[in-house]
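K.L.:
Here you go, one structure.
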Ligand SMILES: Cc1ncc(COP(=O)(O)O)c(C=O)c1O
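Numbering (the UniProt record's numbering), first residue to last: 1 to 470.
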């Protein structure tokens with residue numbers, strides 16, 4: 001028999017509590033509001049709430065309303081995706097990684113996200129607080145594309161360090177670097193066009209190419225010399241490449257930085273074969289040298305480069321502030337950006353502009369780069385001692401990502417699954433290619449608070465690899 005209406009309502013709210021929509025201690029909608037929302041009488045809602053009280057799910061507080069009990073019902077854990085080997089698609093891997101990256105109990109070697117101690121959170125907190133106190137109307141304003149002039153001015157000043165002489169009008173603010181990459185591809189290519197990408201490549205590029213129905217030609221990329229320009233040239237001749245997405249500085253995942261000669265040749269190739277270079281420079285400011293490497297854009301005499309970057313790796317990934325220097329595609333990119341999102345959050349743009357303006361950024365960068373270098377040394381020493389013979393690592397000159405090549409009989413997907421059971425995250429090599437390569441490779445994020453726990457987790461990974469060989 002069907003249960004009465006008030007019980008159905010109680011069950012529905014209880015489910016919402018279990019699913020974490022209403023957290024422990026949170027206020028649930030008032031009786032009057034629920035009665036309106038659900039189009040039932042106030043009496044029915046009162047009956048439902050009283051049943052929930054009997055079940056210990058909620059508690060009434062006189063004059064305040066109804067609240068979820070603090071301790072009785074916890075939200076369900078986020079659904080875990082069953083770790084099996086045959087669902088090893090990039091999307092599944094990345095979904096699992098995203099779940100893992102939100103779990104504080106997991107050692108976060110997986111996602112390319114710096115631990116919050118490496119971000120200037122306190123300065124941003126002060127800045128946002130001050131803005132909301134002194135200029136509350138900031139929330140009421142749309143900051144239409146191309147975005148905040150003061151931020152674009154600060155970016156133009158910073159980009160002098162990368163060798164680029166820009167006007168604020170050359171720059172469009174985007175929702176992170178991923179949005180900048182998408183806009184670049186949309187401006188340059190149409191469905192079916194071929195895009196040359198690094199292999200291994202940042203997985204966001206693979207996903208963008210897939211979503212836009214483009215074809216990818218994967219160009220091998222080595223940790224020492226970066227993208228193989230002979231192969232790129234052959235690909236350009238054979239396939240008529242429309243664009244090449246390249247990360248000249250501290251490439252994700254392999255850490256390569258291109259030499260001066262390689263940069264010159266790459267630009268020459270783009271001119272000769274008529275393709276656009278989409279430069280992803282999101283790790284450019286994290287170079288371990290005193291002076292950062294030049295951007296490709298700085299030597300873009302023929303206007304074949306689109307430059308993309310963001311503050312996600314060095315200031316605040318959650319602020320989602322990136323930018324694009326579109327060159328000959330600037331007007332189109334700006335138009336697309338406007339159509340897709342109208343505007344970029346004013347508050348976060350202004351907070352970052354203020355942070356850049358006060359001069360603390362360079363100090364912040366110096367400190368974090370030094371810690372990353374220290375972590376890298378510690379990481380490599382552990383890998384050398386505890387991983388199977390034959391394991392090699394990249395030698396990043398900046399950033400915080402290490403690419404590890406295991407002996408070919410060690411399977412990185414198996415390692416990933418076993419590691420996750422032990423609360424250790426990592427990103428297996430399969431996530432960095434569309435062609436099922438890199439099965440004995442993985443990427444490790446070392447922008448972590450390095451302590452005994454981290455040491456132990458990395459040693460545990462070594463042990464799991466050794467076990468696969470025994
Ligand atoms: C190489 C590369 N490009 C772009 C992005 C995306 O950056 P954002 O978070 O600013 O969108 C990432 C993020 O991991 C990245 O590693």
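C-beta: ideal position from N, C-alpha, C; glycine also.
#1: Would you report the Cα separation of residue 81 and residue 106, rounded to the nearest angstrom?
#2: Give me the pocket residues for ligand 1, defined as CB within less than 5 Å of any heavy atom, sorted by chain position.
#3: Where do the N-terminal and C-terminal ends of the alpha helix (DSSP H) with residue 54 fall, by residue?
#4: Determine the closest residue to residue 178 out of 379, 366, 307, 446, with distance taken between C-alpha atoms.
#5: Going by C-alpha to C-alpha distance, which of 350, 230, 300 sits closest to residue 328?
#6: Quick check: residue 204 and residue 181, are their CB atoms within less than 8 Å of each other?
#7: Please report how far the alpha carbon of residue 388 lies from the alpha carbon of residue 451, in whole angstroms.
#8: Which two residues bound the contiguous alpha helix (DSSP H) that contains residue 273?
#9: Report the three-state DSSP secondary structure of residue 164 (helix, strand or coil).
#10: Where do the ends of the alpha helix (DSSP H) carrying residue 67 lie?
#11: Could you pull out every residue in the same chain whose Cβ sits closer than 8 Å to the Cβ of residue 7, ignoring the five residues on either side in sequence?
#12: Between residue 25 and residue 53, how many whole angstroms is the CB-CB distance? I'm expecting something under 8 Å.
#13: Under 8 Å by Cβ, that's how I've got residue 183 and residue 336 pegged, so tell me the actual separation to the nearest angstrom.
#14: So for residue 539, helix, strand or coil by DSSP?
#15: Given a threshold of 16 other Cβ atoms within 10 Å of its Cβ, counted over all protein chains shown, does residue 192 qualify as buried or as exposed?
#16: Among 99, 60, 375, 143, which residue has its Cα nearest to the Cα of residue 348?
#17: State buried or exposed for residue 152, treating a residue as buried only when at least 16 other CB atoms are found within 10 Å of its CB.
#18: Going by Cα to Cα distance, which pick from 416, 289, 245 is closest to residue 369?
#19: Please list the terminal residues of the continuous alpha helix (DSSP H) segment that includes residue 465.
#20: Check whether the stretch 358-372 touches the stretch 407-421, taking contact to mean three or more Cβ pairs, one atom from each stretch, closer than 8 Å.
#21: Between residue 476 and residue 138, which are expected to be in contact by the criterion C-beta below 8 Å, what is the C-beta distance as a whole number of angstroms?
#22: Taking the alpha carbon of residue 443 as the point to measure from, which residue in 401, 343, 454, 419 has its own alpha carbon closest?
#23: According to DSSP, which residues form a beta bridge with residue 443?
#24: To which residues of the same chain is residue 168 closer than 7 Å at the C-beta, ignoring the five residues directly before and after it?
#25: Report the option in 326, 282, 324 whose CA atom is closest to the CA atom of residue 311.
#26: Quick one: does residue 154 have its CB under 8 Å from some CB of chain C?
#27: Assess contact between the stretch 355-368 and the stretch 203-222, defined as three or more Cβ pairs (one per stretch) separated by less than 8 Å. Is contact present?
#28: Quick one: using the 10 Å Cβ neighbour count with 16 as the cut-off for buried, is residue 297 buried or exposed?
#29: Would you report the Cα separation of residue 172 and residue 331, rounded to the nearest angstrom?
#30: Counting along the chain, where does the alpha helix (DSSP H) carrying residue 130 start and finish?
#31: CA-CA distance, residue 251 and residue 440?
#32: Give the straight-line distance between the Cα atoms of residue 163 and residue 29, rounded to the nearest whole angstrom.
#33: From the DSSP output, in three-state form, read off residue 287 for me.
#34: Say whether the stretch 268-284 touches the stretch 230-245, bearing in mind that this needs 3 or more beta-carbon pairs closer than 8 Å, one atom from each stretch.
#35: Could you name the residues of the same chain whose beta carbon sits closer than 7 Å to that of residue 447, not counting the 5 residues immediately before and after it, in chain order?
P.N.:
Walking through what the data contain:
#1: Taking the chain shown and counting its residues from 1, the one referred to as residue 81 is at position 81. Taking the chain shown and counting its residues from 1, the one referred to as residue 106 is at position 106. Caution applies to residue 81, whose pLDDT of 30 falls short of 50 and renders its modelled position unreliable; the value that the coordinates give is listed next. Cα to Cα, residue 81 sits roughly 15 Å from residue 106.
#2: Those residues placing their Cβ nearer than 5 Å to any heavy atom of ligand 1 are, following chain order, 112, 176, 177, 178, 202, 252, 280, 282, 310, 312, 322.
#3: As a working mapping, residue 54 is identified with position 54 in the chain shown. Residue range 42-54 is occupied by the alpha helix (DSSP H) that includes residue 54.
#4: For the purposes of this step, residue 178 is taken as residue 178 along the chain shown, with counting starting at 1. Selected option, being the one with the closest Cα: 307.
#5: Taking the first residue of the chain shown as position 1, residue 328 is located at position 328. The shortest Cα separation from residue 328 among 350, 230, 300 belongs to 300.
#6: Within the chain shown, numbered from 1, the residue matching residue 204 stands at position 204. Within the chain shown, numbered from 1, the residue matching residue 181 stands at position 181. Yes, Cβ-Cβ distance for residue 204 and residue 181 is below 8 Å.
#7: What you label residue 388 is simply residue 388 of the chain shown in a count that begins at 1. What you label residue 451 is simply residue 451 of the chain shown in a count that begins at 1. Rounded to whole angstroms, residue 388 and residue 451 show a C-alpha spacing of 23 Å.
#8: As a first step, residue 273 is located in the chain shown; it is residue number 273 there, counting from the start. Looking at the DSSP string, the run of the alpha helix (DSSP H) that includes residue 273 is 260-273.
#9: What you label residue 164 is simply residue 164 of the chain shown in a count that begins at 1. In the structure shown, residue 164 sits in coil (DSSP, three-state: anything other than H, G, I, E or B).
#10: Locating residue 67 in the chain shown gives position 67, counting from the first residue. Careful: residue 67 lies outside any alpha helix (DSSP H), inside the beta strand (DSSP E) at 65-68.
#11: Against the chain shown, residue 7 aligns to sequence position 7. So the list reads 48, 51, once near-sequence residues are dropped.
#12: Locating residue 25 in the chain shown gives position 25, counting from the first residue. Locating residue 53 in the chain shown gives position 53, counting from the first residue. At roughly 16 Å, the Cβ-Cβ gap does not stay under 8 Å, so residue 25 and residue 53 are not in contact.
#13: For the purposes of this step, residue 183 is taken as the residue at position 183 of the chain shown. For the purposes of this step, residue 336 is taken as the residue at position 336 of the chain shown. The pair is a contact, with the Cβ atoms about 5 Å apart (cut-off 8 Å).
#14: Because the chain in this structure spans residues 1 to 470, residue 539 falls outside the shown range and cannot be described.
#15: By one-based count along the chain shown, residue 192 stands at place 192. Exposed, since its Cβ has fewer than 16 Cβ neighbours within 10 Å.
#16: Along the chain shown, one-based indexing puts residue 348 at 348. Comparing alpha carbon positions, the residue from 99, 60, 375, 143 closest to residue 348 is 143.
#17: Taking the first residue of the chain shown as 1, we reach residue 152 at position 152. Burial call: buried.
#18: Here the question's residue 369 lines up with position 369 in the chain shown. Checking every option, the nearest Cα to that of residue 369 belongs to 289.
#19: Within the chain shown, residue 465 is the residue found at index 465, counting from 1. First-last of the alpha helix (DSSP H) with residue 465: 452-469.
#20: With fewer than three CB-CB distances shorter than 8 Å, the stretch 358-372 does not count as touching the stretch 407-421.
#21: In this structure the chain extends from 1 to 470, so residue 476 is not present and cannot be described.
#22: By 1-based counting over the chain shown, the position of residue 443 is 443. Minimum Cα distance to residue 443 is reached at 401.
#23: On the chain shown, residue 443 is found 443 positions in, with the first residue counted as 1. The partner list for residue 443 (beta bridge, DSSP) reads 403, 427.
#24: In the chain shown, counting from the first residue as 1, residue 168 sits at position 168. Only 149, 152, 153, 156 meet the Cβ criterion.
#25: Position 311 of the chain shown, counted from the first residue, corresponds to residue 311. Selected option, being the one with the closest Cα: 282.
#26: Absence of chain C from the displayed structure is noted, only one protein chain being present.
#27: Verdict: no, contact absent.
#28: By one-based count along the chain shown, residue 297 stands at place 297. Under this definition residue 297 is a buried residue.
#29: Reading the chain shown from its first residue, position 172 is the one you call residue 172. Reading the chain shown from its first residue, position 331 is the one you call residue 331. Residue 172 and residue 331: Cα-Cα distance of roughly 10 Å.
#30: Position 130 of the chain shown, counting from 1, holds the residue named residue 130. Per DSSP, residue 130 belongs to the alpha helix (DSSP H) from 121-134.
#31: Here the question's residue 251 lines up with position 251 in the chain shown. Here the question's residue 440 lines up with position 440 in the chain shown. Going from the Cα of residue 251 to the Cα of residue 440 covers about 19 Å.
#32: For the purposes of this step, residue 163 is taken as the residue at position 163 of the chain shown. For the purposes of this step, residue 29 is taken as the residue at position 29 of the chain shown. Each residue's alpha carbon lies about 56 Å from the other.
#33: Within the chain shown, the letter at position 287 stands for residue 287. DSSP places residue 287 within a strand segment (E or B) once states are collapsed to three.
#34: Judged by Cβ distances under 8 Å, the stretch 268-284 makes contact with the stretch 230-245, as three or more pairs qualify.
#35: As a working note, residue 447 is residue 447 in the chain shown. Correct list, in chain order: 114, 115, 118, 372, 400.
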